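Residue numbers (the working numbering): 24 to 116. No residue lacks a Cβ here, since even glycine has one placed at the ideal position from N, Cα and C. In this text, all values refer to a predicted model and were calculated from it rather than measured experimentally.
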């Protein structure tokens, strides 16, 4: 998974041939690749999930775990259809 994380840091989505291979790799190595997928910027995550629709429900289940959900940006949660009132700004008491 380390190599896939490095590809994310190098913006693999800007290299079409590598992006296709990257997406195949994350699809074939799920659930181990979920942390890598969650590192993608929201537009690229949306693109990946549109291309590999089978990833969406299992990645959403993974991301909805309380220990994960609280650390993810709202924009990522929105892509996964997990952005709800409980994650949005809480009123200060």
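Fill in: C-beta neighbour in chain B for residue 86, strict 8 Å
Among the protein chains of the structure shown there is no chain B, as only one such chain exists.
Discussion item. Here's the rule I'm using: 16 or more other beta-carbon atoms within 10 Å means buried, otherwise exposed. How should residue 71 be labelled?
Written reply: buried
Discussion item. Relative to the C-alpha of residue 94, which candidate in 76, 66, 62 has its C-alpha closest?
Written reply: 62
Worksheet item: Considering only the beta carbon of each residue, do residue 82 and residue 45 sit closer than 8 Å?
Response: no
Worksheet item: Using the C-alpha atoms, what's the distance from residue 24 back to residue 100?
Response: 22 Å
Worksheet entry | Same chain only: Cβ atoms within 8 Å of residue 41, ignoring 5 sequence neighbours per side | 30, 35
Discussion item. So, at 7 Å on beta carbons, what are the nonlocal neighbours of residue 69 in its own chain, with the 5 sequence-adjacent residues on each side left out?
Written reply: 102
Worksheet item: residue 49 and residue 60: beta carbons closer than 8 Å?
Response: yes
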